[in-house]
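Trainee: The sequence shown maps to residues 4 to 58 in the working numbering. We put the CB at the ideal spot given by N, CA and C, even for glycine. Once you've had a glance at the structure underneath, I'll fire off some questions.
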Amino acid sequence: GGVYYGHRPEGSMHRYLDANPHDGNGTDVAGLGTVDAGGWTQTLLSTQPATVTVG
Numbered sequence: 004g005g006v007y008y009g010h011r012p013e014g015s016m017h018r019y020l021d022a023n024p025h026d027g028n029g030t031d032v033a034g035l036g037t038v039d040a041g042g043w044t045q046t047l048l049s050t051q052p053a054t055v056t057v058g
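Set out below in structure tokens:
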């Protein structure tokens, strides 16, 4: 699957998992919780493929 991060206007960062990122359908996107509740100030976030485990 694909892991996505969402930054909200109040400064929080949230993580999401798309079970099938290639299907063009958002019904299989699940929230995985808050990474940081506030104070997230970074403007660039990078990740490395095949390094995320969910469980």
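If I measure Cβ to Cβ from G59 and keep anything under 7 Å in the same chain, skipping five residues before and after, which residues do I get?
Mentor: Nothing can be reported for residue 59, as the shown portion of the chain is limited to 4 through 58.
Trainee: Cβ atoms of Y7 and V32: under 9 Å apart, would you say?
Mentor: Working through the sequence shown from its first residue, we reach residue 32 at position 29. Working through the sequence shown from its first residue, we reach residue 7 at position 4. Their beta carbons are under 9 Å apart, which means V32 touches Y7 by this criterion.
Trainee: Please state the DSSP three-state secondary structure of G34.
Mentor: On the sequence shown, residue 34 is found 31 positions in, with the first residue counted as 1. Three-state result, G34: strand.
Trainee: Spell out the partners DSSP gives D26 in its beta bridges.
Mentor: In the sequence shown, residue 26 corresponds to position 23, counting from 1. Bridge partners of D26: none, in fact.
Trainee: May I ask which residues mark the beginning and end of the beta strand (DSSP E) holding L20?
Mentor: For the purposes of this step, residue 20 is taken as residue 17 along the sequence shown, with counting starting at 1. Here the beta strand (DSSP E) through L20 covers 16–21.
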